[in-house]
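Numbering (the working numbering), first residue to last: 1 to 241. The beta-carbon is built from N, C-alpha and C at its ideal position, and this holds for glycine as well. Notes follow once the structure below has been shown.
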């Protein structure tokens, strides 16, 4: 089995997407070792600020579980040679193009000092749930579909920029497709994913790196419906084709 290592420079949405990724990858052709740098609500601007401060605010997650350690971005970058490094914006700004600059360039430049060969990847996050009564949602008129379109427009723009990035983990597309097919019940609190939503995002993660091939031995978490998990994988495969 091929093995790859992925570092997510992110926030709670990274933790959501990473929850079941390693376990699912073990049944595929590509085992994914997945590290997540987590600070709740962390924006691209905040990542850059932490670099300049030399601070170590990140809770370190490995393969979907917290290690209980707090480290810096530099610590993670010096830990090993990562194959892929993902970047994402905090959810409230995810559909606002102006919030990515100049921070995404500064972050890439810093990471490149330590990781010469890693491939950068964008993690496309999901919109909030209709009915979510939070001021952050007001930027998108409290409309899930409009927020999703704003995120899509930004990521399409980023792929055409000179960032040197061509791979996107399309969690947002997968969650939106699942809502359209199965109904709006994949959020836990209006913006984070519940366990089924996390499972869908993890399927997208694995399919992105295994060439969108069906997983040979599909991991079924305790309490999940086996047939529904297979339906979720078929949906992910269709979205990514």
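Tell me whether residue i is buried or exposed, calling it buried when 16 or more other Cβ atoms sit within 10 Å of its Cβ.
| i | result |
| --- | --- |
| residue 204 | buried |
| residue 173 | buried |
| residue 69 | exposed |
| residue 67 | exposed |
| residue 102 | exposed |
| residue 133 | exposed |
Which value, in whole angstroms, describes the spacing of the CA atoms of residue i and residue j?
| i | j | result |
| --- | --- | --- |
| residue 244 | residue 41 | Because the chain here runs from 1 to 241, residue 244 falls outside it and cannot be looked at. |
| residue 81 | residue 75 | 12 Å |
| residue 89 | residue 100 | 7 Å |
| residue 168 | residue 29 | 19 Å |
| residue 78 | residue 14 | 20 Å |
| residue 193 | residue 115 | 31 Å |
| residue 71 | residue 7 | 13 Å |
| residue 55 | residue 46 | 11 Å |
Ignore the nearest five residues each way along the sequence and tell me which others in residue i's own chain have a CB closer than 7 Å to its CB.
| i | result |
| --- | --- |
| residue 150 | 95, 140 |
Once you ignore the five residues that flank residue i on each side, which residues in its own chain have a CB closer than 8 Å to its CB?
| i | result |
| --- | --- |
| residue 244 | Outside the shown range of the chain, which is 1 to 241, sits residue 244, and nothing can be said about it. |
In its own chain, which residues sit with a C-beta less than 6 Å from the C-beta of residue i, not counting the 5 before and 5 after it?
| i | result |
| --- | --- |
| residue 63 | 22, 34 |
| residue 136 | 92 |
| residue 24 | 202, 206, 219 |
| residue 106 | 48 |
| residue 233 | 203 |
Tell me the start and end of each unbroken beta strand (DSSP E) in the stretch 38–80 that is at least 3 residues and wholly inside, in chain order.
For the stretch 38–80, whole beta strand (DSSP E) runs of length 3 or above, ordered along the chain, are 58–62, 65–71.
Counting Cβ pairs, one atom from each stretch, are 3 or more of them under 8 Å apart for the stretch 150–163 and the stretch 188–199?
No, they do not touch.
The stretch 153–172 touching the stretch 184–191, judged by at least three CB pairs closer than 8 Å
No, the stretch 153–172 is not in contact with the stretch 184–191.
Where in the stretch 139–196 do unbroken runs of the alpha helix (DSSP H), each at least 4 residues long, occur, reported from the N-terminal end onward?
For the stretch 139–196, whole alpha helix (DSSP H) runs of length 4 or above, ordered along the chain, are 144–159, 171–182.
Secondary structure, alpha helix (DSSP H): runs of 4+ residues fully inside the stretch 90–129
Taking only runs of at least 4 residues, the alpha helix (DSSP H) segments lying wholly in the stretch 90–129 are 103–114.
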